[in-house]
Structures are given as C-alpha cells and as structure tokens.
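Colleague: The sequence shown begins at 1 in the UniProt record's numbering and counts up one residue at a time. Beta carbons: idealized from backbone N, C-alpha and C, even for Gly. Attaching a single structure in structure tokens format; questions to follow.
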Amino acid sequence: MVSQKTGLHFIPILICILMTLAFVISYTLAVSHDHISVAFPYISDTGTWVPESCVFGQLLNLIATLSGFCAYVWHKQALARLPFGSRIRLRRCTHLALVSGLISAFGTSLVANFQETAVWSIHLTGAALLYGCGLVYMALVTRISYHYGSSKLCILRILLCLLSTLSAILIPSTGTVARFMYDGTNIRKWKPTDQGYAYHAVSSFSEWFLAFCFLSFFCTMVTELKDYTVRAVKVEHRWIKLNEVHVAI
C-alpha cells in the first residue's frame with residue numbers, strides 16, 4: 001500500500017487537487033454545453049447533465065473514499081497524540097469525529113451518484129449529510145486539536161468553522177427566498193433580470209465559499225499527518241492460530 005517513508009499528508013493534498021479538478025472540469029463542460037449560467041451556478045448544477053455529470057460523479061466518488069480514509073487516519077494520529085491520561089470525554093469526542101467524518105464522506109458519494117434531476121430527495125439528503133456532518137466534523141477536530149496542536153492552527157480552524165457555519169446558514173435561507181421569487185423559465189440558468197437573482201447569487205456564492213472552507217480545512221491536516229504512515233494490511237488464514245495451538249499440543 002503506502003511506503004513507510006511516505007507521510008500521510010498526501011491524502012488531504014490529493015483531496016484538494018481532485019476537488020479542484022472536479023469543479024473546474026464540470027463547470028467548464030457545463031458552460032461550454034450551455035447547461036448553466038456562467039455566473040453563480042450551484043455546485044450541483046455544474047454536474048447535473050451529461051457529459052459533465054460523468055466526470056463530476058467519478059471524481060466525487062474518489063473524493064468520498066479519500067475523505068473517509070483521511071478521517072480514519074486523522075482519528076488514529078489524534079488518539080496517539082492526545083496527552084497521557086486524557087479524559088474519557090475527549091477520547092469519545094475523537095471517536096465521534098471519526099463517525100461524523102465517515103457520514104460526511106458517505107453524503108459526498110450520494111451527491112455524486114444521485115443527480116438533482118434524477119432523484120432530488122436522495123441528492124438533497126446527501127448534501128445535508130455532507131455539509132451538516134462536515135460542519136460537526138470540523139468543530140470536533142478543532143476542539144480535539146486544541147489539546148495538542150499549535151495555537152495558530154487552532155485559531156485558523158476556529159475561523160474556518162465560523163465562516164463555514166455562516167455559509168451553511170445562508171445557502172438554504174437565501175436559496176429558498178430566491179426559488180419563491182423566481183419568475184424565469186430555467187432555474188439552472190439564472191439571469192440578472194430574474195426576480196430573486198440577488199438572493200440566488202448570495203446562496204450560490206455561499207455554497208462555493210463553503211466548499212472552499214472545507215478544502216482549506218483539509219489543508220490544515222497536512223502538517224499533522226506528514227509524520228505518520230500506514231503499514232501494509234496483513235492477510236492471514238483465519239484458523240492459523242488455532243492450528244498452531246494444536247501443533248504445540
């Protein structure tokens with residue numbers, strides 16, 4: 001799997017690279033095929049129609065897998081770095097962070113595989129899991145790292161948590177108002193002359209900004225994971241120990 005000399009910091013870096021590629025490629029394809037408006041589309045709108053949906057879905061599935069793995073290895077290094085004799089509540093908080101990170105990664109896969117024009121309810125559920133559990137994960141990681149990380153890192157994470165929370169509030173609130181006011185013919189191709197356009201612009205910008213905050217938060221894990229590695233998984237016969245006992249007897 002991973003060489004013992006290779007730090008795990010490549011995981012959050014790879015997540016950021018793949019996410020950037022997903023956004024750029026899907027947006028470029030969607031605009032070139034006239035599927036969305038050039039200004040202020042929602043992220044999901046850039047990956048709704050073929051061919052951009054194929055690229056968007058594939059990359060998001062990879063990101064979901066890497067995000068879950070990243071949550072796992074961060075959880076392991078956090079347990080290793082917590083001060084000896086740490087409170088049980090703090091260790092439970094670390095386990096809860098892992099669970100919320102894995103659920104957020106699962107939400108990412110739902111968003112990738114169920115486009116908003118195909119199964120809207122599941123797509124919306126996936127987005128709620130992605131953003132909701134993602135915010136919980138960010139908050140828990142920030143709290144945990146306060147006990148062993150640098151003060152600058154903690155302050156940066158607190159700032160990202162606050163900005164992400166504000167963005168998460170603005171997305172549905174302004175987006176709902178925009179939908180009620182909309183008087184156009186294609187809701188994925190907003191025009192400045194449409195009613196509610198200003199609210200839509202705020203909602204769309206907030207979603208992109210929230211994604212940027214998520215990526216920035218992953219980047220803060222680089223310094224923590226650079227000195228940790230993963231050993232190859234050991235595969236052995238499930239009865240080998242029992243057989244060894246019989247031989248010894």
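(1) Specify the secondary structure class of T193 as computed by DSSP and reduced to three states.
(2) Beta-carbon within less than 7 Å of L96's beta-carbon, same chain only, minus the 5 sequence neighbours each way: which residues are those?
(3) For S44 and H237, I'd like the C-alpha separation in whole angstroms.
(4) What does a CB cutoff of less than 6 Å around G175 pick up in its chain, not counting 5 residues either side in sequence?
(5) What do you get for M1, buried or exposed, if any count of 16 or more other CB atoms within 10 angstroms of its CB means buried?
(6) Measuring CB to CB, does G126 end up less than 8 Å from F114?
(7) Measuring CA to CA, which of S26, V50 and I17 is closest to F212?
(8) In chain order, what residues of the same chain have a beta carbon less than 7 Å from the beta carbon of S3, not counting five sequence neighbours either side?
(9) Would you be able to state if there are at least three C-beta pairs under 8 Å between the stretch 187-197 and the stretch 213-229?
Modeller: Straight from the coordinates:
(1) Shown here, T193 sits in coil according to DSSP, grouped into three states, outside any helix or strand.
(2) Closer than 7 Å at the Cβ level, and outside the excluded window around L96, lie L140.
(3) Going by C-alpha positions, S44 is about 45 Å away from H237.
(4) Residues S203 of the same chain have their beta carbon placed closer than 6 Å to that of G175, with the five preceding and five following residues left out of the count.
(5) Annotation note: pLDDT 44 at M1 (below 50); position unreliable, coordinate value reported separately. Here M1 is exposed: its Cβ has fewer than 16 other Cβ atoms, across all protein chains shown, within 10 Å.
(6) Closer than 8 Å, so yes.
(7) Minimum Cα-Cα distance from F212 among the listed residues S26, V50 and I17 corresponds to I17.
(8) Residue confidence for S3 is low, a pLDDT of 46 falling below 50, so the modelled location carries little weight; the figure read from the coordinates is stated next. Correct list: empty, nothing qualifies.
(9) Taking a contact to require three or more Cβ pairs closer than 8 Å, the stretch 213-229 and the stretch 187-197 do not qualify as touching.
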